[in-house]
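S.K.:
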Amino acid sequence: MEFAFSDEQDMIRESAEGFLADVSDSAAVRAAMVTELGYDPKLWQRLCGEMVWPAIHIPEQYGGLGLGFVELAILLEQMGRRLLCSPFFATACLATPALLLAGSETQKSRWLPQIADGSLTATLAYASDNRWGVDAVQATAREEGEGFVLDGVLRHVVDGHSAGLLVVAARGEQGISLFAVDAATSGVTRSLKPTLDQTRKLAEVTLAQVYVGPDALLGEVGQGATLLQSVLQLACAAQAAEQTGGAQQALDLTLAYTAERQQFGRSIASFQAIKHRAADMMLEVECARSAAYYAACVAEEALAANGDAVVAAELPLAAALAKARCSEAFFHCAAESIQLHGGVGFTWEYDPHLYFKRARASEAFLGSPSWHRERIAAALLGESA
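Taking the numbering used here, the leading residue of the sequence shown gets 21, the next gets one more, and so forth.
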């Protein structure tokens with residue numbers, strides 16, 4: 021199997037790289053991250069109208085471009101490089117896969133065109149505690165009449181304070197079910213929470229006797245656990261691509277700084293010790309990229325209606341491996357970047373601390389490396405994690 025970008029994929033990468041270098045530089049990121057919304061609405065509309073990025077892996081019959089998960093990963097890598105502040109990850113990598121996998125034809129026709137054209141942002145709300153698997157679902161769903169009543173507190177909801185659509189996971193007598201809930205529904209309250217990573221907003225969503233009709237149910241009652249598991253695996257693959265981009269930029273910032281910094285009459289980049297550490301960073305980035313894009317290839321088959329079932333079956337292992345490997349690579353590169361910047365590495369004026377915070381936050385989000393390795397080991401040994 022040849023792992024190489026096609027000409028079209030190279031064009032997507034070059035276009036994304038050039039566009040984000042202009043619109044998501046350090047000044048733009050710092051301006052967006054201190055706002056309550058967490059992103060620039062005008063830039064978001066450019067991403068949707070001019071670049072058409074939220075539509076990239078939405079099928080054409082729902083107003084999308086009909087491309088695959090690999091193309092999505094290409095965009096995410098470049099977004100991770102620039103710490104793009106936007107609701108893209110929540111909308112395209114959490115909510116959209118849930119709708120694609122679990123939504124009926126009517127539900128897809130209702131929500132996906134709005135996501136594709138940028139008029140709707142969405143997110144996934146499922147965890148009520150600090151666990152990251154389906155066991156974190158503690159919100160309740162009680163059947164009432166033809167619909168359902170939802171109750172519970174949902175934490176760590178990416179862009180949950182601003183999303184127009186919430187894909188909610190809740191437990192009922194028959195098991196976990198997924199629901200597409202309009203954020204404006206009576207009984208839904210949302211509060212923004214302060215976090216380490218200011219470039220990505222997390223919220224707490226409270227559901228108090230929220231009634232939703234039968235048209236809100238995604239898939240079958242009680243069959244949401246498997247669907248949610250697949251969505252989380254796809255999200256891990258997506259985040260791995262984003263983390264790879266962050267690791268690459270941490271390396272690039274370090275190389276640029278060490279080439280300029282003078283000590284003992286020459287650039288510190290010429291010192292062998294600096295070269296060794298930079299080489300270690302590059303190795304981490306390349307290993308992360310390999311894991312991320314293999315997971316993206318597997319995710320593409322898993323998400324496609326006519327995908328290769330044999331390859332798609334590898335998603336749990338590929339996603340877990342990518343998330344663990346890319347989390348560690350990103351954190352290593354971000355930490356090394358601060359160290360090799362010397363005394364200014366941790367100061368507010370320089371960017372390494374932004375990447376360090378994103379690395380630490382994304383390492384924990386959707387499960388730590390050790391958590392994912394436990395699942396890989398359990399799968400290989402034929403045990404339950």
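Even for Gly, the Cβ is constructed at its ideal location relative to N, Cα and C.
These numbers were taken from a predicted model, which means no experiment stands behind them.
1. With a CB to CB cut of under 6 angstroms and the five nearest residues on each side skipped, what residues in its chain are close to His-181?
2. Quick one: Cα of Arg-130 to Cα of Pro-74, how far?
3. Assuming Ala-453 contacts Asp-179 (C-beta within less than 8 angstroms), just tell me the rounded distance between them.
4. Taking C-alpha atoms, which residue in Glu-383, Ala-355, Ser-390 lies nearest to His-373?
5. Report, in whole angstroms, the separation of the C-beta atoms of Ala-311 and Cys-346, which I expect to be a contact under 8 angstroms.
6. Using the three-state DSSP reduction, which class does Gly-172 fall into: helix, strand or coil?
7. Please name the residue, chosen from Lys-62, Met-53, Val-90, Val-43, that lies closest to Ala-324 on a Cα-to-Cα basis.
8. Report the CB separation of Ile-94 from Ala-36 in whole angstroms; it is logged as a contact under 8 angstroms.
9. How should Asp-149 be labelled, buried or exposed, when 16 other C-beta atoms within 10 angstroms of its C-beta is the threshold for buried?
10. Which residue wins for smallest C-alpha separation from His-352, given the options Arg-281, Ala-122, Tyr-375?
11. To the nearest angstrom, how far is the alpha carbon of Val-49 from that of Ala-147?
12. Taking the beta carbon of Arg-395 as the centre, do at least 16 other beta carbons fall within 10 Å, making it buried, or is it exposed?
13. Taking the alpha-carbon positions, what's the Glu-320 to Gln-282 distance?
14. Any idea what DSSP makes of Gln-359, helix, strand or coil?
15. With Thr-209 as the anchor, note down where its beta strand (DSSP E) starts and where it stops.
16. Opposite Ile-196 in the DSSP bridges: which residues?
17. Going by beta carbon distance, what residues of the same chain come within less than 6 angstroms of Leu-254, once the five residues before and after it are set aside?
18. Please name the residue, chosen from Leu-170, Ala-136, Leu-144, that lies closest to Thr-205 on a Cα-to-Cα basis.
19. Does the beta-carbon distance from Gly-242 to Ser-197 come in below 9 angstroms?
20. Would you please state the rounded distance, in angstroms, between the beta carbons of Pro-107 and Thr-55? I believe it to be under 8 angstroms.
21. Straight-line CA distance for Glu-306 to Arg-378?
22. Among Asp-235, Val-173, Phe-291, Arg-151, which one has its Cα closest to the Cα of Glu-166?
23. Give a yes or no on whether the C-beta atoms belonging to Ala-381 and Thr-215 are separated by under 9 angstroms.
24. Could you tell me the distance, in whole angstroms, from the CA atom of Glu-334 to the CA atom of Leu-237?
25. When you compare each of Glu-97, Glu-80, Gly-88 to Ala-41 by their alpha carbons, which one comes out closest?
26. Return the residue from the list Asp-272, Gln-194, Ala-190 that minimises the CA-CA distance to Ile-232.
27. If Ile-76 sits next to Leu-67, beta carbons under 8 angstroms apart, how far is it from one beta carbon to the other, in whole angstroms?
28. Determine the direct distance from the alpha carbon of Leu-132 to that of Glu-240, and round the result to whole angstroms.
29. Drop a sphere of 10 angstroms on the beta-carbon of Lys-62, count the other beta-carbons inside from all chains shown, and report buried for 16 or more, exposed for fewer.
30. Beta-carbon within less than 8 angstroms of Val-43's beta-carbon, same chain only, minus the 5 sequence neighbours each way: which residues are those?
31. With C-beta atoms as the reference, is Gln-259 less than 9 angstroms away from Cys-113?
32. What did DSSP end up calling Ala-228 once you bin it into helix, strand or coil?
M.R.: On the basis of the supplied data:
1. If you number the sequence shown from 1, residue 181 lands on position 161. The answer, listed in chain order, is Arg-210, Leu-212, Ala-223.
2. Within the sequence shown, the letter at position 110 stands for residue 130. Within the sequence shown, the letter at position 54 stands for residue 74. Arg-130 and Pro-74: Cα-Cα distance of roughly 16 angstroms.
3. Here the chain comprises residues numbered 21 to 405, so residue 453 is not present and cannot be evaluated.
4. Taking the sequence shown and counting its residues from 1, one reaches residue 373 at position 353. His-373 has its Cα closest to that of Ala-355, out of Glu-383, Ala-355, Ser-390.
5. Position 291 of the sequence shown, counted from the first residue, corresponds to residue 311. Position 326 of the sequence shown, counted from the first residue, corresponds to residue 346. Indeed, because the Cβ distance is near 6 angstroms, the residues count as touching under 8 angstroms.
6. Reading the sequence shown from its first residue, position 152 is the one you call residue 172. The answer is strand: DSSP assigns Gly-172 an E or B state.
7. As a working mapping, residue 324 is identified with position 304 in the sequence shown. For Ala-324, the nearest C-alpha among the options comes from Val-90.
8. As a first step, residue 94 must be located in the sequence shown, where it is residue number 74. As a first step, residue 36 must be located in the sequence shown, where it is residue number 16. With a Cβ gap of about 7 angstroms, Ile-94 and Ala-36 count as contacting.
9. Locating residue 149 in the sequence shown gives position 129, where the first residue counts as 1. Asp-149 is exposed by the Cβ-count criterion.
10. Numbered from its first residue, the sequence shown carries residue 352 at position 332. Selected option, being the one with the closest Cα: Tyr-375.
11. Along the sequence shown, read from residue 1 onward, the residue named residue 49 stands at position 29. Along the sequence shown, read from residue 1 onward, the residue named residue 147 stands at position 127. Each residue's Cα considered, the two are about 28 angstroms apart.
12. Along the sequence shown, read from residue 1 onward, the residue named residue 395 stands at position 375. By the neighbour-count rule (16 or more Cβ atoms within 10 Å), Arg-395 is buried.
13. Reading the sequence shown from its first residue, position 300 is the one you call residue 320. Reading the sequence shown from its first residue, position 262 is the one you call residue 282. Straight-line Cα distance between these residues: approximately 47 angstroms.
14. Along the sequence shown, read from residue 1 onward, the residue named residue 359 stands at position 339. Helix at Gln-359.
15. The sequence position of residue 209 within the sequence shown is 189, counting from 1. That run of the beta strand (DSSP E) goes 208 to 213.
16. As a first step, residue 196 must be located in the sequence shown, where it is residue number 176. DSSP, once it has assigned bridges, lists Arg-191 as partnering Ile-196.
17. Residue numbering aside, residue 254 sits at position 234 when the sequence shown is read from its first letter. Excluding residues within five positions, the ones whose Cβ falls inside 6 angstroms are Pro-117, Ala-319.
18. Counting from 1 along the sequence shown, the entry for residue 205 is found at position 185. When only C-alpha atoms are compared, the closest one is Leu-170.
19. Translated into the one-based positions of the sequence shown, residue 242 becomes position 222. Translated into the one-based positions of the sequence shown, residue 197 becomes position 177. Contact: yes.
20. Counted from its first residue, the sequence shown places residue 107 at position 87. Counted from its first residue, the sequence shown places residue 55 at position 35. So it is not a contact: roughly 13 angstroms between Cβ atoms.
21. Residue 306 sits at position 286 when you count from the first residue of the sequence shown. Residue 378 sits at position 358 when you count from the first residue of the sequence shown. Looking at the two C-alpha atoms, the distance is approximately 19 angstroms.
22. What you label residue 166 is simply residue 146 of the sequence shown in a count that begins at 1. It is Asp-235.
23. Locating residue 381 in the sequence shown gives position 361, where the first residue counts as 1. Locating residue 215 in the sequence shown gives position 195, where the first residue counts as 1. For Ala-381 and Thr-215, yes; Cβs fall inside 9 angstroms.
24. In the sequence shown, residue 334 corresponds to position 314, counting from 1. In the sequence shown, residue 237 corresponds to position 217, counting from 1. Going from the Cα of Glu-334 to the Cα of Leu-237 covers about 28 angstroms.
25. Against the sequence shown, residue 41 aligns to sequence position 21. Measuring from the Cα of Ala-41, the nearest candidate turns out to be Glu-97.
26. Translated into the one-based positions of the sequence shown, residue 232 becomes position 212. The question names Ile, but residue 232 is Val in the sequence shown. Residue Ala-190 is the option with its Cα nearest to Val-232.
27. Numbered from its first residue, the sequence shown carries residue 76 at position 56. Numbered from its first residue, the sequence shown carries residue 67 at position 47. In fact, because the Cβ distance is near 11 angstroms, the residues do not count as touching under 8 angstroms.
28. Along the sequence shown, read from residue 1 onward, the residue named residue 240 stands at position 220. Along the sequence shown, read from residue 1 onward, the residue named residue 132 stands at position 112. Cα to Cα, the separation comes out at about 20 angstroms.
29. Taking the sequence shown and counting its residues from 1, one reaches residue 62 at position 42. Result: exposed.
30. Numbered from its first residue, the sequence shown carries residue 43 at position 23. The residues are Leu-63, Arg-66.
31. As a working note, residue 259 is residue 239 in the sequence shown. As a working note, residue 113 is residue 93 in the sequence shown. In contact: Gln-259 and Cys-113 (Cβ atoms closer than 9 angstroms).
32. As a first step, residue 228 must be located in the sequence shown, where it is residue number 208. Strand, per DSSP.
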